[in-house]
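What follows is a set of notes on a single structure, which appears directly below.
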Amino acid sequence: MTHNNAAPIAHVRNFCIIAHIDHGKSTLSDRLLELTRTIGERDMAEQVLDRMDLEREKGITIKAKAVRMLHDHADGQQYELNLIDTPGHVDFSYEVSHALSACEGAVLVVDAAQGIEAQTLANLYLALEHDLDIIPVINKIDLPAARPDEVAHEIEDLLGVPADEVLRVSAKEGLGAQELLKAIVERIRPPMGDDSRPLRALVFDSHYDSYKGVIAYVRVMDGIIEAESLLLTMSNRRRIEPMEVGVFGPQMRPVAQLGAGDVGYVATGLKNVRDCRVGDTITGATQPVAEPLPGFAPPKPMVYAGLYPVDNADYTDLRDALEKLQLNDASLVFQPESSTALNMGFRCGFLGLLHMEIVQERLEREHELELLATAPSVEYQVLLTNGEVIIVDNPSELPNLSQVEEIHEPWMHISLFSPSEYIGPLMELTTGRRGEFEKLEYLDERRVVLEFYIPLAEILVDFHDQLKSRTRGYASMDYAFDGHRPGDLVKMDILVNEEPVDALSLIVHRDSAYDKGSLLVRRLKEVIPSQLFAVPIQAAIGSKVIARTNVKATRKDVLAKCYGGDVTRKRKLLERQKEGRRRLKRVGKVDLPQEAFMAVLRLND
């Protein structure tokens, strides 16, 4: 069985590269593209430069989402290798699992100096769940700190692959890359599939193109997609008339058809990424299959925060910008909300903190918006006294405590990988945040993995920074959602000048309410500028004030008036005043600077 535009199915290999962040995945893909002459020497340099900015945001990297390479093997045959890229960060593990469903094999990259890290293991277990053929590779063997033999034994203990079968490469120098191509052909099985069956194709990624609509990245399991065939998405029964079908080489290149086992794209002409979600199954509209491919579940936001424009006139720009981002990122959800302190804005849901950071960064950089973000919060399930259950993701919406029976919060199961000398500081860090210790295992003489259950709210803000700083950067973390548990939680309001500031309210555990309240009040005292009258700052639970301090009154300085002379100085003062005005938000009669909202984020320092 052959495809009209490519190798027979026995000569196709679909694989991905999985690695911890910074273990050299991208450099390795660059080498493979160079070796197979998929990208010419001239484009290569441009490509690498091009990628730096894009990789920083999770933009669409044109390069390595899915690339078809042709490799002439020693047996005289030409093989078609499809490299499918996977995001490395735990927030995007939802996307990783669909990318893995499109492959038969995975190249597992481990850093020769750092050994196995949290994400390496997390992605490896995902790959094993998808029953992929795994080729372990030790990268960066050219580094002075490399210890390839030790790392090979770590891999042997983990996977049972003999240490001498672990490939050793230096993606930077290009050492060992040829052997890797050979191993991909020999150790990864060809795809199964039949062109004559009804069409089933998995959507493993997508992006929005203003000319062709949603471009769905597909892996064809059975059947054939032709440029003129009518298609159907199975989750929402949307009909698609494809504008173009093609492969990535790495630029998009139209072909007449994609057959079973092939990886390519379909330009759907749809106007919204939501209509063609990652993980969905595409089938033929004339003879659809009965059952979709397994594993489709829409991504669920874990972290919520309010995003408000600094200048209220930018509200519609912010809405347009969020809608544009949503075209490429179906996991971002948002709805309008208003706050007495900050006026109009949006409540946004994110997959995790990194996702939130990236979205905020892109809004500020690509759309030139100045934004204020409230402290991130999680989704609480609140059981009311009348038996009703409501979902609350914004602390200011929590009903009065007299109506609340109990509050359930999300808990996570976290694994911390670290050199053994940091066990103490890590235990202290997690148990100090209501973490429950589960178990400790030694990976080798020097490295351990600690497992805990911990409330998501406790690891939201600066847990990762603390983890890195207490272990001098050596520890890494992986987490998974464990379920909701009831907790003794209360809503803490912050009153400035006896007015509650809704954007500063928090849901906290009753045991830590007093400490957090007095700390926050002290922080706010440092950042709220003094007024012409004394300003009380209070933290309260219900009607009970648990902490209080005053910002002293100031005398008006009338000598600061400008006298004649240099006009540039006046202009500078005016500019500075304008800048100051933009940064200060009016709350009642007191100006709250952006630092006040940041103070909430740094509560655990």
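Just so you know, we're using our numbering here: the sequence shown kicks off at 3 and counts up by one. Using N, Cα and C, we set each Cβ at its ideal position, and we do this for glycine too. The structure presented is a predicted model; accordingly, all values stated were derived computationally and were not measured.
Note to self: To test your reading of the DSSP string, which unbroken beta strand (DSSP E) runs of 3 or more residues are found completely within the stretch 489-557?
What the structure shows: 491-498, 508-511, 537-543, 546-553
Next item on the list: Identify whether H13 lies in helix, strand or coil by the three-state DSSP scheme.
Entry: H13 carries a helical assignment under DSSP once its states are collapsed to helix, strand and coil.
Margin query: Buried or exposed, going by whether 16 or more other CB atoms sit within 10 Å of the CB of E381?
Written below: buried
Next item on the list: Would you give the residue range spanned by the beta strand (DSSP E) that R70 belongs to?
Entry: 68-74
Check: Does the beta-carbon of K574 have 16 or more other beta-carbons within 10 angstroms, so that it is buried, or is it exposed?
Finding: exposed
Checklist line | DSSP-derived helix/strand/coil call for Q79 | finding: coil
Check: Can you tell me whether T376 is buried or exposed, with buried defined as 16 or more other CB within 10 angstroms of its CB?
Finding: buried
Margin query: According to DSSP, simplified to helix, strand and coil, what is D113?
Written below: strand
Check: What are the complete beta strand (DSSP E) segments, minimum 3 residues, inside the stretch 217-270?
Finding: 233-235, 246-250, 254-256, 265-269
Notebook entry, point to check: Straight-line CA distance for I19 to T551?
Noted result: Their backbone Cα atoms lie some 55 Å apart in a straight line.
Item checked: N616 - partner residues in DSSP beta bridges -> In the structure displayed, the chain extends from 3 to 607; residue 616 sits before or after that span and is not available.
Check: Relative to the C-alpha of C350, which residue among G308, L374, S341 is closest?
Finding: Cα-wise, what sits closest to C350 is G308.
Item checked: Coarse secondary structure for D316, derived from DSSP in three states -> helix
Next item on the list: Counting only the same chain and skipping the five closest in sequence on each side, list residues whose C-beta sits under 6 Å from that of T387.
Entry: Q405, E407
Item checked: Exposure of N141, with buried meaning 16 or more beta-carbon neighbours within 10 Å -> Burial call: buried.
Margin query: Please tell me whether I425 and V265 are closer than 9 Å, where the distance is taken between their beta carbons.
Written below: no
Checklist line | L134 versus P193: straight-line alpha-carbon distance, rounded | finding: 11 Å
Checklist line | Delimiting residues of the beta strand (DSSP E) encompassing H415 | finding: Where H415 is concerned, the enclosing beta strand (DSSP E) stretches over 406-421.
Item checked: Proximal residues to G519 (C-beta, below 7 Å), its chain only, five neighbours per side dropped -> M494, A541, I548, A549
Next item on the list: Give every residue of the same chain whose Cβ lies closer than 7 Å to the Cβ of I11, excluding the five residues on either side of it in the sequence, and list them in chain order.
Entry: Counting only Cβ-Cβ distances below 7 Å, and skipping sequence neighbours, we find M3, P192, P193, G195, A262, G263.
Next item on the list: Have a look at P244 and Y213 and give me their C-alpha separation to the nearest angstrom.
Entry: 13 Å
Notebook entry, point to check: Are the Cβ atoms of L365 and L418 separated by less than 9 Å?
Noted result: No; because the gap between Cβ atoms is not below 9 Å, this pair is not in contact.
Note to self: For L83, tell me which candidate among F17, L110, Q121 has the shortest Cα-Cα distance.
What the structure shows: Among F17, L110, Q121, the Cα nearest to that of L83 is on F17.
Checklist line | Cβ neighbours of M54 in the same chain (closer than 8 Å, five flanking residues each side left out) | finding: Only weak support is given to the placement of M54: the predicted model assigns it a pLDDT of 42, under 50, and the value that follows is read from those uncertain coordinates. Closer than 8 Å at Cβ, skipping near neighbours: no residue.
Item checked: Simplified DSSP state of T285, which is helix, strand or coil -> strand
Next item on the list: Please classify M358: does DSSP put it in a helix, a strand, or coil?
Entry: helix
Next item on the list: Look at the Cβ atom of A101, then the Cβ atom of T122, and state whether they are nearer than 9 Å.
Entry: no
Notebook entry, point to check: Would G475 be called buried (16 or more neighbouring beta carbons within 10 Å of its own) or exposed?
Noted result: exposed
Next item on the list: Look up P457 in the DSSP assignment and say whether it is helix, strand or coil.
Entry: strand
Item checked: Selection from L374, V257, P301, A287 that minimises the alpha carbon distance to Y310 -> L374
Note to self: On the CB-based measure, 16 or more other CB atoms within 10 Å of its CB, does N314 come out buried or exposed?
What the structure shows: exposed
Item checked: Backbone CA spacing between L56 and K174 [nearest angstrom] -> Caution applies to L56, whose pLDDT of 41 falls short of 50 and renders its modelled position unreliable; the value that the coordinates give is listed next. Between L56 and K174, the C-alpha separation is close to 20 Å.
Check: For L462, which residues from the same chain have a beta carbon less than 6 Å from its beta carbon, with the 5 sequence-adjacent residues on both sides left out?
Finding: P378
Note to self: Tell me the rounded alpha-carbon separation between V560 and A515.
What the structure shows: Residue placement at V560 is poorly supported in this model, since its pLDDT is 35, which falls under 50; the coordinates still yield a value, given next. Each residue's alpha carbon lies about 42 Å from the other.
Next item on the list: Would you mind working out which of E339, M304, V305 sits nearest R321, comparing C-alpha positions?
Entry: E339
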